[in-house]
Amino acid sequence: MMQILKMAFRDLGRNRRRSFFSALAVGGGLALLILMSSVVAGEMGSAIESAINLQTGHIQIRAATYDENKSSLKWEDLVSNPDEVANKIAALDQVETATPRLYASGFLSSGTQSAGARITGIDPLSPASDPYREGVISGDYLNPDDRDALLIGKPMADKLNLEVGDSVSLSLNTADGNVQDQTFIVKGIYTTHTYSFDSATVFLPLAKAQAMTRTENHASTIFVLLKDTTLTDSVVPALSVSSNLEIKTWKDLNVLFVEYETFAQSYIAIFYMIILAISASVIINTLIMSVYERTREIGVLSAIGMRGGRIMMLFLAESSMLAVGGVMMGLIIGVLATLYFNINGFYIGDMGLSGMTIADTIYAKLTMENLVNLTIMTFVVTLLAGLYPAVMASRMQPVEALRAEK
Amino acid sequence: MEVVKIENVTRVYQIGKLETQALRGVNLSIESGEFTALVGPSGSGKTTLLQMIGCLDQPTSGRVIIGGKDVTKLNRNQRADMRRGTIGFIFQFFALIPTLTAYENVEMPLLLNGHSPKERQERVMELLKAVDLTDRANNRPDQLSGGQQQRVAIARALASKPTLILADEPTANLDTTNGKQVMDIMKKLNKETGVTFVFATHDPRVISYASRVVTLQDGLIEKDSSS
Ligand SMILES: Nc1ncnc2c1ncn2[C@@H]1O[C@H](COP(=O)(O)OP(=O)(O)O)[C@@H](O)[C@H]1O
Ligand SMILES: [Mg+2]
């Protein structure tokens, strides 16, 4: 066995350049897989996390009859004692924060330009509103008692030609089915680096939104953030809410995302297979070439009594070594590349996927699970690729091998 | 004792529609300790006959009996085992494994036969001494001359103490001096160890070493003379 390993190792050394490039093909493939999976994990992870932080929270409590798509403002479709419910939930250990929010559909116009907007009444002081406060790029953030100030996203400001301090007219629906108009001052412009969100969402202080929509102290939802996403399933049973309310988790609220993720995963699996197939064919090629070149040598080994099985082992040992070398190269290149994109990210801009909070920059995120799986997968595929040439070598008839022209 | 018995062996090569009768019914018996030359013009069937005797190939018809055992009935692995245990080969081209040193090449059959490291070392050194290559033990084949390579091949053929050594034109690629040296060594080993040698050649100087000369012509034995 040692001798076989020694021979295999020296055989690879005999044609160093070829061995190196074959290993590199495996390594390059693995590196690409690692990078791709990390980018996808980064994108998925950050997309879901930002959807949770910006839009849906981990959990929402709202009236059973509430229809998200209509942003209904009828009292019976709203939570009637939002502070009480929110405080009760906030008292739970796993809960980071719980805060009432009010949603209304509205319309902003400035001069000749106008745009539909999702008016969101928030408690500016709640930690759940931090991403918006931190996102302010010009002007100031909201105060709870502002009565004629609003916060708009950068894309909307651009579209309406608005700058901080400009006036803008807001029309929105009220609880009793009327439309209410008022002129506001743009107090601040924010960005969350998420185009679909920033281009539609306009913030008002909750009290002002309630007043303007005539919903008094009602809220559309109680927006709940947990200490960690993984706690979601364990928190839900601990919540006791009255029967006219219902509990929605981020999974319910991001159905589109969850579907998109499944879709993307299967799409990516195809890419994985293509990359693996390329690496495998390089290995098969190298080893077949090596089998042909060494026809006579195989004949000699067979003539001195080496059984087919051992000859096969010899070639399998070579492909294993290529696999080990390739995987090591791949790990180094892949991890370094991932690290680079983990720190620097890469800019994709607005992907035009409406309704999805996909950030404009993806930060690669390497998970141990992906790393281990891809490494094993590459290794196994490389070994399998080595199988055919090895079998070919072991089946060679000694006479034919010996007659082969030099 | 009879080491090799060939009974009515034919071998037909078929390439497409073309049939070549390489052996047309050969009968031959070789006794232990013989130093026999197979001679005959190119294409007369010498190599084919050596391959039959060496269990490298199987006859189209007839029987090949090596050491009392009918080898025509053996499967691939059994034939490999047979070669490993009882037959040593020396080829016209110096068939060493290029990645292994002279020492390791000679050691190879011993490894395949599962000898202990100590046994191997003793045996390899003894053989390298017999072919006068002790100082070349750690050289790779490409660092050796043709004559030296062929002597390593002889040492390797002898490694696992076979009863029979088959050599196919062992001196064809060597100059006169080296050819003579190789033949002298083979003859010496034949005398000292009693191992049977069968070698194909058409070199008259090599034929002169033989104690028996079997002449092939068109796949048949034409003449069989002992001196
Ligand atoms: N593998 C083969 N396929 C077809 N014909 C072959 C093959 N090997 C040998 N022959 C033919 O068989 C005959 C005997 O060949 P060989 O045994 O090599 O003769 P020698 O060794 O005496 O030169 C020749 O006519 C040769 O062309
Ligand atoms: Mg020949």
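These protein sequences, in sequence, are chains V and B.
With our numbering, the residue at position 244 of the first sequence is 1031, and numbering never jumps.
With our numbering, the residue at position 180 of the second sequence is 1345, and numbering never jumps.
Where a beta carbon is used, it is the ideal one built from N, C-alpha and C, also for glycine.
Since we're looking at a predicted model, the values are computed, not measured.
{"Asked": "With the cut-off set at 8 Å, would you say ILE1009 (chain V) and PRO887 (chain V) are in Cβ contact?", "Found": "yes"}
{"Asked": "Taking 7 Å as the line, does the beta carbon of GLY1143 (chain B) fall inside it for any heavy atom of ligand 1?", "Found": "The requested residue 1143 (chain B) is not part of the displayed model; chain B covers only 1166 to 1392."}
{"Asked": "Put ASP963 (chain V) into one of helix, strand or coil per three-state DSSP.", "Found": "coil"}
{"Asked": "For ASP1235 (chain B), name the three-state secondary structure that DSSP assigns.", "Found": "strand"}
{"Asked": "For chain V, is any of its Cβ atoms less than 8 Å away from the one on ARG1248 (chain B)?", "Found": "yes"}
{"Asked": "Helix or strand or just coil, what does DSSP make of ILE1330 (chain B)?", "Found": "strand"}
{"Asked": "Could you name the residues of the same chain whose beta carbon sits closer than 7 Å to that of MET1116 (chain V), not counting the 5 residues immediately before and after it, in chain order?", "Found": "ALA810, LEU811, GLY814"}
{"Asked": "Does ligand 2 have even one heavy atom less than 7 Å from the beta-carbon of ASP1340 (chain B)?", "Found": "no"}
{"Asked": "How is PHE1258 (chain B) classed by DSSP in three states: helix, strand or coil?", "Found": "coil"}
{"Asked": "To the nearest angstrom, how far is the alpha carbon of THR1264 (chain B) from that of ASP798 (chain V)?", "Found": "6 Å"}
{"Asked": "Counting by C-beta, which residues lie closer than 5 Å to a heavy atom of ligand 4, in chain order?", "Found": "Looking for ligand 4 in the displayed structure turns up nothing; the ligands present are ligand 1 and ligand 2."}
{"Asked": "Using only the alpha-carbon positions, how far apart do ASN960 (chain V) and ASP880 (chain V) sit?", "Found": "37 Å"}
{"Asked": "Is the beta carbon of ILE846 (chain V) sitting closer than 8 Å to the one on VAL1011 (chain V)?", "Found": "yes"}
{"Asked": "Quick check on ASN1192 (chain B): does DSSP put it in helix, strand or coil?", "Found": "strand"}
{"Asked": "Determine, using beta carbons only, whether ALA1245 (chain B) and ARG1094 (chain V) come nearer to each other than 8 Å.", "Found": "yes"}
{"Asked": "Put LEU1298 (chain B) into one of helix, strand or coil per three-state DSSP.", "Found": "coil"}
{"Asked": "Checking the sheet assignment: what are the DSSP bridge partners for GLU1048 (chain V)?", "Found": "In the DSSP output, where bridge partners are listed per residue, GLU1048 (chain V) has none listed."}
{"Asked": "Less than 8 Å separating the beta-carbons of PRO1206 (chain B) and MET1217 (chain B)?", "Found": "no"}
{"Asked": "What does ILE1262 (chain B) touch in chain V if you count any residue whose Cβ is under 8 Å from its own?", "Found": "MET794, GLU1084, VAL1087, LEU1088"}
{"Asked": "Give the DSSP bridge partners of ALA1320 (chain B), in chain order.", "Found": "Note: ALA1320 (chain B) sits in no beta bridge, so no partner."}
{"Asked": "Shorter than 8 Å from the beta carbon of ILE1091 (chain V) to some beta carbon of chain B?", "Found": "yes"}
{"Asked": "With which residues is GLU1291 (chain B) paired in a DSSP beta bridge?", "Found": "Paired residues: none, contrary to the question."}
{"Asked": "Hey, is the segment 964-974 of chain V in contact with the segment 928-945 of chain V, meaning 3+ C-beta pairs nearer than 8 Å?", "Found": "yes"}
{"Asked": "Is LYS1193 (chain V) close to chain B? Criterion is C-beta to C-beta, closer than 8 Å.", "Found": "Caution is warranted here: a pLDDT of 41 is assigned to LYS1193 (chain V), below 50, making its placement in the model unreliable, and the coordinate value is therefore given only provisionally. So, interface residue."}
{"Asked": "Specify, as a first and last residue, the run of the alpha helix (DSSP H) that GLY1112 (chain V) falls within.", "Found": "1095-1131"}
{"Asked": "So does ASP1333 (chain B) have its beta carbon nearer than 7 Å to some heavy atom of ligand 2?", "Found": "yes"}
{"Asked": "Between VAL1069 (chain V) and PHE1166 (chain V), what straight-line distance do the alpha-carbon atoms span, to the nearest angstrom?", "Found": "14 Å"}
{"Asked": "Hey, does ASN1338 (chain B) have any beta-carbon neighbour from chain V nearer than 8 Å?", "Found": "no"}
{"Asked": "Using the Cα positions of MET1164 (chain V) and ASP854 (chain V), report the straight-line distance between them to the nearest angstrom.", "Found": "46 Å"}
{"Asked": "Taking C-beta to C-beta, are SER897 (chain V) and VAL955 (chain V) nearer than 8 Å?", "Found": "yes"}
{"Asked": "Nearest chain B C-beta to MET1185 (chain V) closer than 8 Å, yes or no?", "Found": "According to the sequence as given, residue 1185 (chain V) is Pro; it is not Met. Taking Cβ atoms only, chain B reaches closer than 8 Å to PRO1185 (chain V), which makes this a yes."}
{"Asked": "For ligand 2, is there a heavy atom less than 7 Å away from the beta-carbon of ALA1365 (chain B)?", "Found": "yes"}
{"Asked": "What is the rounded straight-line gap between the Cα of GLY1359 (chain B) and the Cα of THR1328 (chain B)?", "Found": "8 Å"}
{"Asked": "Measuring CB to CB, does VAL882 (chain V) end up less than 8 Å from LEU1013 (chain V)?", "Found": "yes"}
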